[in-house]
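What follows is a single structure, written as structure tokens, with notes after it.
There are 2 protein chains.
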Amino acid sequence: MKEYAFGVDIGGTTIKLGLFKTNGTQMDSWEIPTRIEECGRYIMEDIGRAIKKKIDDKGLTLNQVAGIGLGVPGPIGEDGTVYNCVNLGWGVFNVEQKLSSITGIKVKAGNDANVAALGEMWQGGAKGHRNVVMITLGTGVGGGIIIGEKILAGTHGAGGEIGHFPMVDSETETCGCGKQGCLEQYASASGIAKTAGKWLNKRDTPSVLRNMKDISAKEIFDSAKAGDQMSVDLVEFFGEQLGKACAYISCVADPEVFVIGGGVSKAGSIVTDVIEKYYQKYAFHASRNTEFVLAALGNEAGMYGSVRLVLE
Amino acid sequence: MKEYAFGVDIGGTTIKLGLFKTNGTQMDSWEIPTRIEECGRYIMEDIGRAIKKKIDDKGLTLNQVAGIGLGVPGPIGEDGTVYNCVNLGWGVFNVEQKLSSITGIKVKAGNDANVAALGEMWQGGAKGHRNVVMITLGTGVGGGIIIGEKILAGTHGAGGEIGHFPMVDSETETCGCGKQGCLEQYASASGIAKTAGKWLNKRDTPSVLRNMKDISAKEIFDSAKAGDQMSVDLVEFFGEQLGKACAYISCVADPEVFVIGGGVSKAGSIVTDVIEKYYQKYAFHASRNTEFVLAALGNEAGMYGSVRLVLE
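Sequence lines, in order, name chains A and B. Just so we're aligned, residue 0 is where the first sequence starts under numbering that gives the first Met the number 0, counting upward by one. Just so we're aligned, residue 0 is where the second sequence starts under numbering that gives the first Met the number 0, counting upward by one.
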């Protein structure tokens, strides 16, 4: 009878909501603003109200709803306790209990990077696999690790925090985390652009990038495709950092497939190709044939994954 | 009624066997030689015979035996299939089915490094924890990863193969795996000794190590404790490689505790202290307080862990 479930992905400005069939078909999706004022105290009520309204509008009953899955942008314990979601102003409380008491529906919550990985495993680029690592290349570098169809959240919520792999010992600039030389400083959208800026200052070689203002990762990948040598070198450097990082991941978690998502992945197969090239250089032989695929669900992966989480 | 279980750890020259109570108490232990002749075809029968004899000698019945746990020195699938255990001469076959058909007892098998980690979690240095990474510093560098009390074996049996983390890009010598610059080349017993040999050749600094023939890891740690500067530097180099490696592991699996075992760990807390020192330099802040402990079960960890495995 329980043929429906809701997926909710809470972002810093927008909350994405979706109504799904429990077989994974999305029936409806919509957004509401994230009200972070007063330490984000209205967020749970806003979500609860939105879901109850959707249930009414669709003429559903609570008995038909298997649950609500929730992706939150911060560390979260196995029992549903969030620990200081700074983007939302949240302190420490149990989001599952809170939303469940508002809606009368079972709730299961996970970290957003982890539920996105679960979503790509369930209905996206890694469909059909059970051991999946998703790497999200956006403003930062996020990771989500799925072992035997379950999220590896980690003791301190740091499972899959691969953006903070120590990669370059000689780095003098400091990462947002306080260390120097983290993967995120080279492989995120801003990291790629920053590296380009440094190389343009340091080197004399001509490059189409010199004519651009505010170089973005997209322009670097586009210029590399068009044959600009410095852009090609930048893409290789990016690929070497990520390929080596994936080799570390395989020596620990040994997934079947790496799913590459986030804004940078919109450049397409050039991204997975260059990562895979360097992965094969650094990977232990037993895992050298691990697949690399592009993410397929875009920014709906978190919604899909949170549904999968509550259906476990 | 099933109050007993057997633990078996198959090594290249000796098979360790133990009779345990299911609460973890070891009742008896003994060894038999590993007959690797004729592609190791007698190994399973030898183990079966040894266990049946022990059951008779102790006046037990099959009904009292919960199972036999088996640690094997090579990759093994979830269903009990071994894939080319080169040390034993084995090809591809299902060890669980084979030993079970010989003994009439339930059998569960795992990779030896992984079951050792499970043993340390159950009754050793990591007792009371659920997320554990064990690092074995012996001839090579092995790793076993336990998440939620379960072994993370990996898609290709490479879960925890941390000895092959790519650590030093400039390395010219080749590791046993075919790559250059693997962790094992610096952090194994032989790796430490080899690094010492290189440094003694390259540097002019005085050291008590110059008076020794065939320097071992133990002598280097002993000399470091006695204040020999080159030995101190060697221990620091060793600690930096392993500390950084543990930082990678934490960004993926985020354990509660690292258990350090193997021959090198006999040098004592100097080993865990220097690894922890560099771990704190490289680790992501959320996992910076992860504990480091010495292994407690020595070369019986595999026996304990295989028992724990069959009791799951």
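Don't be surprised by glycine CBs; every beta carbon is placed ideally from N, CA and C.
Contact set between residue i and chain B, taken where Cβ atoms lie within less than 8 Å
{"i": "residue 74 of chain A", "result": "285"}
{"i": "residue 130 of chain A", "result": "153, 154"}
{"i": "residue 177 of chain A", "result": "284"}
Where residue i meets chain B, residues with beta-carbon distance less than 7 Å
{"i": "residue 164 of chain A", "result": "247, 250"}
{"i": "residue 310 of chain A", "result": "Those within 7 Å of residue 310 of chain A in chain B number zero; the least Cβ separation is about 19 Å."}
{"i": "residue 157 of chain A", "result": "249, 250, 253, 283, 285, 286"}
{"i": "residue 145 of chain A", "result": "Within chain B, no residue comes near residue 145 of chain A; the closest Cβ sits about 11 Å away, beyond 7 Å."}
{"i": "residue 243 of chain A", "result": "165"}
Burial state of residue i (16 or more Cβ within 10 Å)
{"i": "residue 96 of chain A", "result": "exposed"}
{"i": "residue 102 of chain A", "result": "buried"}
{"i": "residue 230 of chain B", "result": "buried"}
{"i": "residue 29 of chain B", "result": "exposed"}
{"i": "residue 12 of chain B", "result": "exposed"}
{"i": "residue 202 of chain A", "result": "exposed"}
{"i": "residue 84 of chain A", "result": "buried"}
{"i": "residue 205 of chain A", "result": "exposed"}
{"i": "residue 228 of chain A", "result": "exposed"}
{"i": "residue 254 of chain B", "result": "buried"}
{"i": "residue 130 of chain A", "result": "buried"}
{"i": "residue 169 of chain A", "result": "exposed"}
{"i": "residue 94 of chain A", "result": "buried"}
{"i": "residue 209 of chain A", "result": "exposed"}
{"i": "residue 38 of chain A", "result": "exposed"}
{"i": "residue 171 of chain A", "result": "exposed"}
{"i": "residue 113 of chain A", "result": "buried"}
{"i": "residue 100 of chain B", "result": "exposed"}
Chain-ordered neighbours of residue i on chain B, where CB pairs are closer than 9 Å
{"i": "residue 134 of chain A", "result": "Per Cβ cutoff of 9 Å: no residues; residue 134 of chain A is ~12 Å from chain B at best."}
{"i": "residue 160 of chain A", "result": "249, 250, 251, 253, 283, 285, 286"}
Residue i versus residue j: straight-line alpha-carbon distance, rounded
{"i": "residue 14 of chain A", "j": "residue 305 of chain A", "result": "13 Å"}
{"i": "residue 63 of chain B", "j": "residue 146 of chain A", "result": "34 Å"}
{"i": "residue 247 of chain A", "j": "residue 241 of chain A", "result": "10 Å"}
{"i": "residue 151 of chain B", "j": "residue 65 of chain B", "result": "23 Å"}
{"i": "residue 22 of chain A", "j": "residue 4 of chain A", "result": "10 Å"}
{"i": "residue 61 of chain A", "j": "residue 144 of chain A", "result": "32 Å"}
{"i": "residue 117 of chain A", "j": "residue 225 of chain B", "result": "52 Å"}
{"i": "residue 310 of chain A", "j": "residue 293 of chain B", "result": "40 Å"}
{"i": "residue 56 of chain B", "j": "residue 263 of chain B", "result": "38 Å"}
{"i": "residue 180 of chain A", "j": "residue 187 of chain A", "result": "13 Å"}
{"i": "residue 277 of chain B", "j": "residue 176 of chain A", "result": "17 Å"}
{"i": "residue 127 of chain B", "j": "residue 300 of chain B", "result": "15 Å"}
{"i": "residue 115 of chain B", "j": "residue 189 of chain B", "result": "21 Å"}
{"i": "residue 41 of chain A", "j": "residue 120 of chain A", "result": "32 Å"}
{"i": "residue 282 of chain A", "j": "residue 89 of chain B", "result": "25 Å"}
{"i": "residue 138 of chain A", "j": "residue 1 of chain B", "result": "56 Å"}
{"i": "residue 302 of chain A", "j": "residue 184 of chain A", "result": "28 Å"}
{"i": "residue 221 of chain B", "j": "residue 194 of chain B", "result": "16 Å"}
{"i": "residue 107 of chain B", "j": "residue 18 of chain B", "result": "15 Å"}
{"i": "residue 245 of chain B", "j": "residue 6 of chain B", "result": "29 Å"}
{"i": "residue 16 of chain A", "j": "residue 109 of chain A", "result": "15 Å"}
{"i": "residue 132 of chain B", "j": "residue 256 of chain B", "result": "7 Å"}
{"i": "residue 9 of chain B", "j": "residue 48 of chain B", "result": "15 Å"}
{"i": "residue 76 of chain B", "j": "residue 211 of chain A", "result": "53 Å"}
{"i": "residue 252 of chain A", "j": "residue 58 of chain A", "result": "44 Å"}
{"i": "residue 223 of chain A", "j": "residue 232 of chain A", "result": "8 Å"}
{"i": "residue 280 of chain A", "j": "residue 165 of chain A", "result": "19 Å"}
{"i": "residue 270 of chain B", "j": "residue 219 of chain A", "result": "45 Å"}
{"i": "residue 79 of chain A", "j": "residue 44 of chain B", "result": "50 Å"}
Beta-bridge pairing of residue i - partner residues as DSSP gives them
{"i": "residue 4 of chain A", "result": "A/19"}
{"i": "residue 93 of chain B", "result": "B/80"}
{"i": "residue 133 of chain A", "result": "A/143, A/258"}
{"i": "residue 13 of chain A", "result": "A/32"}
{"i": "residue 61 of chain A", "result": "DSSP, once it has assigned bridges, lists no residue as partnering residue 61 of chain A."}
{"i": "residue 108 of chain A", "result": "A/69"}
{"i": "residue 25 of chain A", "result": "A/19"}
{"i": "residue 165 of chain A", "result": "A/181"}
{"i": "residue 173 of chain A", "result": "A/179"}
{"i": "residue 150 of chain B", "result": "B/145"}
{"i": "residue 54 of chain A", "result": "According to DSSP, residue 54 of chain A bridges with nothing at all."}
7 Å Cβ cut-off: residues of chain A touching residue i
{"i": "residue 86 of chain B", "result": "In chain order: nothing, as chain A lies at least about 16 Å away."}
Closer than 9 Å at the beta carbon, the chain C residues around residue i
{"i": "residue 139 of chain B", "result": "No chain C appears in the structure shown, which is made up of the protein chains A and B."}
What are the uninterrupted segments assigned as alpha helix (DSSP H) that are 4 or more residues long and contained completely in the segment 177-203 of chain A, given in chain order? 183-186, 188-201
_Start-end ranges of the beta strand (DSSP E) lying completely within the segment 229-305 of chain A, minimum 3 residues_ = 256-260, 290-293
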